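Participant:
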Amino acid sequence: MTGIPGAAGPASMPVAGILPAPDPRRPAADLLVRNAKVFTGDPDRPEARAVAVRDGRVVALGDDHDLAAFVGPATKVVDALGRRVVPGLNDSHLHVIRGGLNYVLELRWDGVRSLRRALAMLREQAGRTPKGQWIRVVGGWTAEQFAERRMPTVAELNAAAPDTPVFVLHLYQSALMNRAAVRAAGFTRETPDPRGGQIVRGRDGEPTGVLLAAPGALVLYSTLAKAPTLDPADQRTSTRHFLRELNRFGLTSAVDAAGGFQNFPDNYATVIDLARSGELSLRIAYHLFPQTAGQELADLRRWTETVRPGDGDEWLRLNGAGENLTWAAADFENFSEPRPELAGGYEAEFEQAVRLLLENGWGFRLHATYDETIRRDLDVFEKLAAEGLFPGGNRWLFDHAETVSGASLDRIAALGGAVSVQNRMSFQGSAFLDRYGARATSHTPPVRAMLERGLTVAAGTDATRVSSYNPWVSLHWLVTGRTVGGTPLYPAANLVDRETALGLYTRGGARLTGEEDVKGTLREGCYGDLAILSQDYFTVPEAAIADIEAVLTVVGGRIVYASAEYEGLDEAVPPVSPAWSPVAHFGGYQAAGARQADLMSEAVAESERHRLWRVARGTAAAADTAPPFVDPCFTH
């Protein structure tokens with residue numbers, strides 16, 4: 000790396016043909032990205048070759064020659080080397096605050112393509128984890144992504160980690176625990192099943208280590224909450240590393256959807272502290288979520304009296320309430336179980352909550368998976384609209400909406416609502432397909448129908464406890480309609496093109512927070528948030544979309560992530576702490592590459608050995624040749 004010839008200041012990529020040319024009428028930029036294929040997202044100027052950023056905002060776009068005048072002695076010039084540049088991505092539904100507090104404690108199976116490799120990681124981490132700590136695998140994976148096409152067994156967890164507690168969360172459906180974790184959690188034959196959940200027991204009545212959401216996930220999350228937590232200093236470091244991991248994929252903003260076990264203000268203290276010290280590398284708009292059934296109205300009333308939506312700044316700001324307003328109105332999304340029937344009469348308390356928010360100028364987001372729930376909620380909204388109260392100029396939206404009907408979409412549009420969709424079907428689509436069939440699956444969720452009605456639609460992941468936080472997995476789902484294991488879910492009529500999908504991940508999220516004038520596009524006056532991509536999103540084969548990463552991510556003109564040729568240009572972060580953290584050893588999302596291909600081959604070989612073993616035992620039919628092993632992961 001060298002600086003601009005003859006100039007002092009920060010190091011940058013080598014640049015040919017650009018020399019500092021200070022112009023008092025045009026102050027120099029802080030950052031110039033040149034030699035790029037810039038997709039701006041701005042229909043008035045969709046493409047450019049260079050972007051200049053000053054004081055955190057875009058000041059110019061154009062050709063390299065046009066922007067040469069913005070280069071001064073202190074300008075950091077980055078040569079994109081002909082790569083694709085896009086506006087910074089914005090996950091419209093991410094549990095980023097909660098995820099950050101625990102990130103370095105988690106062994107991530109996101110992107111791991113064989114169970115053999117996943118168990119090897121688990122075995123290795125068991126040797127690094129000190130006594131009293133747990134190994135936890137918390138979301139971001141599904142059995143369908145593995146070459147073996149199956150989940151681990153409790154016996155395999157026991158063999159990999161005989162003495163260290165292991166908790167493995169699988170979607171909203173189940174969790175697996177080894178013997179040590181069952182003991183650490185205090186489960187015995189006398190432990191009662193929690194409401195909506197099941198502790199699976201053997202013939203002797205003892206817990207087997209399997210927990211089932213039936214259909215509620217409280218048993219899964221309350222058990223996870225028994226594991227040790229980080230102290231405040233390590234929570235701060237953990238959050239910084241999680242934000243850096245999100246920056247790795249070109250994310251520059253997120254809308255935090257709050258969630259269970261995320262109390263305000265206690266669990267928000269870390270991001271507030273990082274915002275005050277200028278150390279956030281991701282812009283966060285957050286929501287507030289009542290935690291205790293029976294006191295939701297008291298929580299909402301207290302918050303409306305002490306804070307207001309919009310409080311904060313461009314880095315951290317309050318956006319409203321939700322994704323739950325009252326617990327009784329929340330449905331569950333375990334597609335392996337029948338749709339839950341919500342209690343009759345929840346509307347009275349729900350109406351009080353919505354009325355309270357609107358009267359105090361609060362918008363909200365609302366968790367609703369099934370159309371049956373959405374219809375009941377809309378009845379309440381239409382009642383308030385008849386009084387002239389709803390929406391009263393406040394932003395509101397439904398989250399998820401997998402089975403929303405066309406009639407409900409018409410009602411949402413009439414009330415000025417929006418929808419935030421997530422790629423939970425990337426991970427749970429096969430379970431939905433098995434339960435409801437291909438016809439219902441083909442429009443779950445009906446993204447095209449939402450867009451055709453002119454609704455504001457934004458995309459996200461709902462990470463980290465089900466889907467992976469990798470936005471390119473979500474974009475792959477939007478464009479291809481396939482699960483992470485390659486199962487096709489949708490016909491062409493429910494797919495969107497690449498530009499539309501990217502818009503859901505940029506401008507869509509900005510609209511949900513009222514920031515569309517400054518975020519989601521690259522144009523003069525907007526935030527200097529952008530990503531240089533490892534591959535060109537618009538031209539790579541569809542199957543390769545999920546493998547895209549950023550090689551350089553910029554937020555407000557700051558380089559917050561850098562790899563490949565740009566290694567070392569980003570801001571420093573403190574070392575991962577504690578040192579035994581799985582993230583310190585394995586990192587986060589496991590990218591595809593030569594090693595993953597080797598592991599896939601090993602898994603295939605192991606599968607063939609197992610087939611031959613079954614043939615020898617007479618439990619499988621012999622054949623002259625082994626059946627062909629076909630795995631869509633090979634196309635990634």
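Counted from 1, the sequence shown has number 509 at position 510 by numbering that gives the first Met the number 0; the numbering is strictly sequential. A virtual CB, placed ideally from N, CA and C, is assigned to each residue, including glycine. Only a predicted model underlies this, so the values are computations on that prediction, with no experimental measurement involved.
1. Just how far apart, CA to CA, sit LEU223 and PHE166?
2. In this structure, does DSSP put ALA174 in helix, strand or coil?
3. Give me whichever residues DSSP pairs with TYR526 in a beta bridge.
4. Among the residues of its own chain, which have a CB less than 7 Å from the CB of GLY507, if the five just before and after it don't count?
5. Assuming LEU168 and PHE145 make a contact with CB atoms under 8 Å, what is their CB distance in whole Å?
6. When DSSP labels each residue in this structure, what does GLU322 get in the three-state scheme?
7. Any idea which residues DSSP pairs GLU386 with across the strands?
8. With a cut-off of 8 Å on the beta carbons, I'd call ASN318 and PRO308 a contact; round off their distance for me.
9. Going by other Cβ atoms of all chains shown within 10 Å of its Cβ, with 16 needed for buried, is PRO86 buried or exposed?
10. What runs of the beta strand (DSSP E), each 3 residues or longer, lie entirely inside the region 121 to 168?
11. The beta strand (DSSP E) that contains ASN89, what's its start and end?
12. Please report the straight-line C-alpha distance between GLY16 and ALA28, rounded to a whole angstrom.
13. Using only CA atoms, which one of GLU350, PHE363, LYS36 lies nearest to GLY513?
14. Less than 7 Å between the CB of THR486 and some heavy atom of the ligand MN, yes or no?
15. Could you round the C-beta distance between VAL57 and GLY502 to whole angstroms and report it? I think they count as a contact, below 8 Å.
16. Fully enclosed by the region 505 to 560, which alpha helix (DSSP H) runs are 4 residues long or longer?
17. Output the distance between the C-alpha atoms of LEU273 and LYS518, rounded to the nearest integer angstrom.
18. Once you ignore the five residues that flank TRP361 on each side, which residues in its own chain have a CB closer than 7 Å to its CB?
19. Give the secondary structure of THR499 by DSSP, where H, G and I count as helix, E and B as strand, and everything else as coil.
20. Helix, strand or coil for SER237 per DSSP?
21. Using three-state DSSP, classify GLN427 as helix, strand or coil.
22. Ends of the beta strand (DSSP E) at THR251?
23. Fully enclosed by the region 334 to 383, which alpha helix (DSSP H) runs are 4 residues long or longer?
24. If you count every other CB in all the chains shown that lies within 10 Å of the CB of ALA593, and 16 or more means buried, which is it?
25. From this set, ALA571, ARG522, GLY555, LEU104, which residue's C-alpha is nearest PRO42's C-alpha?
26. Excluding five sequence neighbours on each side, which residues of the same chain lie with their C-beta closer than 8 Å to the C-beta of ALA327?
27. Per DSSP, what are the beta-bridge partners of ASP398 in this structure?
28. Could you pull out every residue in the same chain whose Cβ sits closer than 6 Å to the Cβ of THR238, ignoring the five residues on either side in sequence?
29. Are GLN351 and LEU296 touching if we call contact CB-CB under 8 Å?
30. Let me know the secondary structure DSSP gives TRP314 once reduced to three states.
31. So what's GLU332 in DSSP terms, helix, strand or just coil?
Facilitator: This is what the structure holds:
1. In the sequence shown, counting from the first residue as 1, residue 223 sits at position 224. In the sequence shown, counting from the first residue as 1, residue 166 sits at position 167. Distance between the alpha carbons of LEU223 and PHE166 is about 7 Å.
2. Working through the sequence shown from its first residue, we reach residue 174 at position 175. In the structure shown, ALA174 sits in a strand (DSSP, three-state: E or B).
3. One-based indexing of the sequence shown puts residue 526 at position 527. DSSP lists ARG56 as partners of TYR526.
4. For this step, residue 507 is matched to residue 508 along the sequence shown. Counting only Cβ-Cβ distances below 7 Å, and skipping sequence neighbours, we find SER91, THR455, VAL456, ALA457, ALA458.
5. Locating residue 168 in the sequence shown gives position 169, counting from the first residue. Locating residue 145 in the sequence shown gives position 146, counting from the first residue. Not quite, the Cβ-Cβ distance comes to about 16 Å (not below 8 Å), so this is no contact.
6. For this step, residue 322 is matched to residue 323 along the sequence shown. DSSP places GLU322 in coil when its eight states are reduced to three.
7. Locating residue 386 in the sequence shown gives position 387, where the first residue counts as 1. DSSP lists no partner for GLU386.
8. Within the sequence shown, numbered from 1, the residue matching residue 318 stands at position 319. Within the sequence shown, numbered from 1, the residue matching residue 308 stands at position 309. Their Cβ separation, rounded to whole angstroms, is 6 Å, which keeps ASN318 and PRO308 in contact under 8 Å.
9. Here residue 86 refers to the residue found at position 87 of the sequence shown. PRO86 is buried by the Cβ-count criterion.
10. 134 to 137
11. Numbered from 1 along the sequence shown, position 90 holds the residue referred to as residue 89. Looking at the DSSP string, the run of the beta strand (DSSP E) that includes ASN89 is 88 to 93.
12. Locating residue 16 in the sequence shown gives position 17, counting from the first residue. Locating residue 28 in the sequence shown gives position 29, counting from the first residue. Bear in mind that a pLDDT of 44 at GLY16, under 50, signals an unreliable position, so the model cannot answer this.
13. Residue mapping note: residue 513 aligns to position 514 of the sequence shown, counting from 1. Residue PHE363 is the option with its Cα nearest to GLY513.
14. Ligands are entirely absent from the displayed structure, and the ligand MN is therefore not among its contents.
15. As a working mapping, residue 57 is identified with position 58 in the sequence shown. As a working mapping, residue 502 is identified with position 503 in the sequence shown. Actually they are not in contact, since the Cβ atoms of VAL57 and GLY502 sit about 18 Å apart, beyond 8 Å.
16. 506 to 511
17. Along the sequence shown, one-based indexing puts residue 273 at 274. Along the sequence shown, one-based indexing puts residue 518 at 519. Their backbone Cα atoms lie some 21 Å apart in a straight line.
18. Start at 1 with the first residue of the sequence shown, and residue 361 comes out as number 362. Contacts found: THR303, PRO308, GLY319, ALA320, ASN393.
19. As a position in the sequence shown, residue 499 is number 500, starting the count at 1. DSSP places THR499 in helix when its eight states are reduced to three.
20. Within the sequence shown, residue 237 is the residue found at index 238, counting from 1. Correct three-state label for SER237: helix.
21. If you number the sequence shown from 1, residue 427 lands on position 428. Helix.
22. Along the sequence shown, one-based indexing puts residue 251 at 252. Unbroken beta strand (DSSP E) run through THR251: 250 to 255.
23. 346 to 358
24. Counting from one through the sequence shown, the residue named residue 593 turns up at place 594. For ALA593, the predicted model reports a pLDDT of 35, less than 50, meaning its position is unreliable; a value from the coordinates is still stated below. Classification for ALA593: exposed.
25. Walking along the sequence shown from the start, residue 42 turns up at place 43. Measuring from the Cα of PRO42, the nearest candidate turns out to be ARG522.
26. As a working note, residue 327 is residue 328 in the sequence shown. If we look at ALA327 and ignore the five residues flanking it on each side, its Cβ neighbours are ALA292, LEU341, ALA342, TYR345, GLU348, PHE349.
27. For this step, residue 398 is matched to residue 399 along the sequence shown. Per DSSP, HIS366, SER419.
28. Here the question's residue 238 lines up with position 239 in the sequence shown. Contacts found: GLY99, THR269.
29. The sequence position of residue 351 within the sequence shown is 352, counting from 1. The sequence position of residue 296 within the sequence shown is 297, counting from 1. It is a contact, given that the beta carbons lie within the stated cut-off.
30. To locate residue 314, count along the sequence shown from 1; it is residue 315. Coil, per DSSP.
31. In the sequence shown, the residue the question calls residue 332 occupies position 333. Of the three classes helix, strand and coil, the one that applies to GLU332 here is coil, per DSSP.
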